[in-house]
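Enquirer:
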Amino acid sequence: MPDYTNSNLTIISSEVTPGAIRWRSPSNIALVKYWGKHGNQLPSNPSVSFTLDGAATDTTLHYAVRKESGEGVDVQLFLDGEPNAGFTSRTKGFLEKILPIYPFLKQLSLVIKTSNSFPHSAGIASSASGMSALVMCLVSLEEVLFEPFADRTAFLAKASYLSRLGSGSACRSVYGGAAVWGELSALEGSSDEYAVSVTDNLHSVFQDYHDDILLISRSEKSVSSRAGHGLMEGNPYAPARYAQARQRTDEMLSVLQSGNVERFGEILESEALTLHALMMASNPPYMLLRPNTLQCIERIHEWRQATGHPLYFTLDAGPNLHLLYPHSIAAAAKAFIREQLLYFCEDKMYLADRVGKGPEQLEVSE
Ligand code: PMV
Numbered sequence: 093m094p095d096y097t098n099s100n101l102t103i104i105s106s107e108v109t110p111g112a113i114r115w116r117s118p119s120n121i122a123l124v125k126y127w128g129k130h131g132n133q134l135p136s137n138p139s140v141s142f143t144l145d146g147a148a149t150d151t152t153l154h155y156a157v158r159k160e161s162g163e164g165v166d167v168q169l170f171l172d173g174e175p176n177a178g179f180t181s182r183t184k185g186f187l188e189k190i191l192p193i194y195p196f197l198k199q200l201s202l203v204i205k206t207s208n209s210f211p212h213s214a215g216i217a218s219s220a221s222g223m224s225a226l227v228m229c230l231v232s233l234e235e236v237l238f239e240p241f242a243d244r245t246a247f248l249a250k251a252s253y254l255s256r257l258g259s260g261s262a263c264r265s266v267y268g269g270a271a272v273w274g275e276l277s278a279l280e281g282s283s284d285e286y287a288v289s290v291t292d293n294l295h296s297v298f299q300d301y302h303d304d305i306l307l308i309s310r311s312e313k314s315v316s317s318r319a320g321h322g323l324m325e326g327n328p329y330a331p332a333r334y335a336q337a338r339q340r341t342d343e344m345l346s347v348l349q350s351g352n353v354e355r356f357g358e359i360l361e362s363e364a365l366t367l368h369a370l371m372m373a374s375n376p377p378y379m380l381l382r383p384n385t386l387q388c389i390e391r392i393h394e395w396r397q398a399t400g401h402p403l404y405f406t407l408d409a410g411p412n413l414h415l416l417y418p419h420s421i422a423a424a425a426k427a428f429i430r431e432q433l434l435y436f437c438e439d440k441m442y443l444a445d446r447v448g449k450g451p452e453q454l455e456v457s458e
């Protein structure tokens, strides 16, 4: 178990000149879902995801020595150029939580400027991209103020660990391709504390897999992910689910290696429906699927049967559908979406995305 607590990470203020660090970090889509947690943001089962390319957060962290020492962390967050009180307070809470790891954060004044590549109100989860982008900036800042990491693996393991403390699934976004979060006996180095990359074992068909995201509804979710994880505690199906997810993560890893897109799709769709079944079986029960989600699922099944094309859906904790398929059927898939599915999307919109290469450090633009 890593212990990143480090009281030595404090600065001598006269030696720090103001600066800025900028990272772009993508969202990810879980193939086998993390649903249920315990302790300090530890997962109740292993999960595996594809990191996306287009859906990303671009974050610049400006830092300077804090003039007057005060309580907690001095931070202000701007979303799309506007000060944002809600995100400032959430970010401040996170930065204060990690003070035992990064005590220097109390010695700085921080201004965070962030924006998402997807429309803010699109109903797409932004916590994975947002949290991982911020953490990549923080871990880079550690390197600027102290020493460089021994290697990239150590850098990314710490970034993944810190991202997990901010928002569970964010820990998988620090790697490109595919990542596993959660200890698996068959995967050396895997851990509940941080994610590991499994990109080296990705069959070529999955390396540029498509994920088109149908924006079924932009309304605020009636039950947050945080509350949803909590409700797993009293869920009578939880133990069976955790065992199933463990077994499926194992199987998904061999599927990702073999390139079996049909088996991939079967697990993918069952995972999506199992996640939502768990919500419906919670106490109190709730449902995030919308009528148009079901309309689209029916059409996807019909189209797949009629054409034989391996296009399968998944869902995260919301009504929007992710359609995953190989590049070889992209033209047919996009025509299908336009002709049969866009009708069911709010604002007739979808986001075309792909498996991506992971976070990228950018030049600071201002
Ligand atoms: O990371 P959280 O707490 O927002 O939970 C994410 C849960 C799912 O997206 C439904 C599944 C997953 O593994 O990403």
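Numbering of the sequence shown is given in the working numbering, commencing with residue 93 and proceeding in unit increments. Note that beta-carbon positions come from the ideal geometry of N, C-alpha and C, so glycine has one too. Source: prediction; values computed, not measured.
(1) Please classify E452: does DSSP put it in a helix, a strand, or coil?
(2) Mapping DSSP to helix, strand and coil, what is R446?
(3) What's the C-alpha gap between F356 and Y378?
(4) Are there any heavy atoms of the ligand PMV lying less than 8 Å away from the beta-carbon of L416, as far as the coordinates show?
(5) Fully enclosed by the segment 274-351, which alpha helix (DSSP H) runs are 4 residues long or longer?
(6) Taking DSSP as the reference, what is the three-state secondary structure of P383?
(7) Going straight from the alpha carbon of Y253 to that of G274, what length do you get?
(8) Do you know offhand how far E174's Cα is from V290's?
(9) Is the beta carbon of S224 within less than 8 Å of some heavy atom of the ligand PMV?
(10) Return yes when the C-beta of R338 is under 8 Å from any heavy atom of the ligand PMV, and no when it is not.
(11) As an exercise, report each continuous beta strand (DSSP E) stretch of at least 3 residues that is fully enclosed by the segment 195-238, in chain order.
(12) What did DSSP end up calling W127 once you bin it into helix, strand or coil?
(13) Rounded to whole angstroms, what is the Cα-Cα separation between Y334 and L434?
(14) Using a Cβ-Cβ cutoff of less than 7 Å, which residues in the same chain neighbour M371 once the five nearest sequence positions on both sides are dropped?
(15) With T406 and L360 assumed to form a contact (beta carbons below 8 Å), what rounded beta-carbon distance in angstroms separates them?
(16) Hey, how far is the Cα of L171 from the Cα of Q397?
(17) Just to confirm, does S181 get its C-beta within under 8 Å of one of the non-hydrogen atoms of the ligand PMV?
(18) Could you name the residues that DSSP lists as bridge partners for V272?
(19) Can you give the Cα-Cα distance for F430 and M344, rounded to whole angstroms?
(20) Using 8 Å as the Cβ pair cut-off and three pairs as the minimum, do the segment 446-458 and the segment 321-329 touch?
(21) Based on the DSSP output, what are the partners of L169 in its beta bridges?
(22) Apart from the five residues on each side of it in sequence, which residues of its chain come closer than 6 Å, Cβ to Cβ, to D150?
(23) Using 9 Å as the threshold, is the C-beta distance between S209 and A287 below it?
(24) Ordered along the chain, which non-local residues of its own chain (more than five positions away) have a Cβ less than 7 Å from that of E416?
(25) Any chance the segment 238-257 sits against the segment 266-281, with 3 or more Cβ pairs inside 8 Å?
(26) Mapping the DSSP letters down to three states, classify E160 as helix, strand or coil.
(27) So which of L101, H154, P110 has the shortest CA-CA distance to K205?
(28) For a quick check, are the C-beta atoms of T180 and Q168 less than 9 Å apart?
(29) CA-CA distance, S161 and V140?
(30) Is the Cβ-Cβ distance between S201 and R158 less than 9 Å?
Expert: Once the coordinates are examined:
(1) In the sequence shown, the residue the question calls residue 452 occupies position 360. Strand, per DSSP.
(2) Locating residue 446 in the sequence shown gives position 354, counting from the first residue. In this structure, R446 counts as strand in the three-state DSSP scheme.
(3) Within the sequence shown, the letter at position 264 stands for residue 356. Within the sequence shown, the letter at position 286 stands for residue 378. Distance between the alpha carbons of F356 and Y378: 28 Å.
(4) By one-based count along the sequence shown, residue 416 stands at place 324. Incorrect: L416 has no Cβ contact closer than 8 Å to the ligand PMV.
(5) 296-299, 317-323, 330-350
(6) Position 291 of the sequence shown, counting from 1, holds the residue named residue 383. The answer is helix: DSSP assigns P383 an H, G or I state.
(7) Here residue 253 refers to the residue found at position 161 when the sequence shown is read from its first residue. Here residue 274 refers to the residue found at position 182 when the sequence shown is read from its first residue. Looking at the two C-alpha atoms, the distance is approximately 12 Å.
(8) In the sequence shown, the residue the question calls residue 174 occupies position 82. In the sequence shown, the residue the question calls residue 290 occupies position 198. Their Cα atoms are separated by approximately 38 Å.
(9) Counting from 1 along the sequence shown, the entry for residue 224 is found at position 132. Not so, every heavy atom of the ligand PMV lies at least 8 Å from the Cβ.
(10) Locating residue 338 in the sequence shown gives position 246, counting from the first residue. For the ligand PMV, not one heavy atom lies less than 8 Å from the Cβ of R338.
(11) 200-208
(12) As a working note, residue 127 is residue 35 in the sequence shown. It is coil, neither helix nor strand.
(13) Taking the sequence shown and counting its residues from 1, one reaches residue 334 at position 242. Taking the sequence shown and counting its residues from 1, one reaches residue 434 at position 342. Cα to Cα, Y334 sits roughly 35 Å from L434.
(14) Here the question's residue 371 lines up with position 279 in the sequence shown. G320, Y378, M379, L380, listed in sequence order.
(15) Walking along the sequence shown from the start, residue 406 turns up at place 314. Walking along the sequence shown from the start, residue 360 turns up at place 268. About 5 Å; that satisfies the 8 Å criterion.
(16) Here residue 171 is taken as the residue at index 79 of the sequence shown, counted from 1. Here residue 397 is taken as the residue at index 305 of the sequence shown, counted from 1. Those two C-alpha atoms are separated by around 44 Å.
(17) Position 89 of the sequence shown holds residue 181. No - the ligand PMV has no heavy atom lying nearer than 8 Å to the Cβ of S181.
(18) For the purposes of this step, residue 272 is taken as residue 180 along the sequence shown, with counting starting at 1. Per DSSP, V140, V288.
(19) Counted from its first residue, the sequence shown places residue 430 at position 338. Counted from its first residue, the sequence shown places residue 344 at position 252. The sequence given here has Arg at residue 430, not Phe. The alpha-carbon atoms of R430 and M344 are separated by roughly 30 Å.
(20) no
(21) Position 77 of the sequence shown, counting from 1, holds the residue named residue 169. Answer is I204.
(22) Against the sequence shown, residue 150 aligns to sequence position 58. Excluding sequence neighbours, D150 sits near R116, S207.
(23) In the sequence shown, residue 209 corresponds to position 117, counting from 1. In the sequence shown, residue 287 corresponds to position 195, counting from 1. No; because the gap between Cβ atoms is not below 9 Å, this pair is not in contact.
(24) Mapped onto the sequence shown, residue 416 falls at position 324. A small correction: the amino acid at residue 416 is Leu; Glu does not occupy that position in the sequence shown. Contacts found: Y301, H302, D303, L360, Y404, T406.
(25) yes
(26) Against the sequence shown, residue 160 aligns to sequence position 68. It is coil, neither helix nor strand.
(27) Within the sequence shown, numbered from 1, the residue matching residue 205 stands at position 113. Nearest option by C-alpha distance: H154.
(28) Indexing the sequence shown from 1 puts residue 180 at position 88. Indexing the sequence shown from 1 puts residue 168 at position 76. Yes; because the gap between Cβ atoms is below 9 Å, this pair is in contact.
(29) Position 69 of the sequence shown, counted from the first residue, corresponds to residue 161. Position 48 of the sequence shown, counted from the first residue, corresponds to residue 140. About 42 Å.
(30) Sequence index remark: in the sequence shown, residue 201 carries index 109 (1-based). Sequence index remark: in the sequence shown, residue 158 carries index 66 (1-based). Going by C-beta atoms, S201 is nearer than 9 Å to R158.
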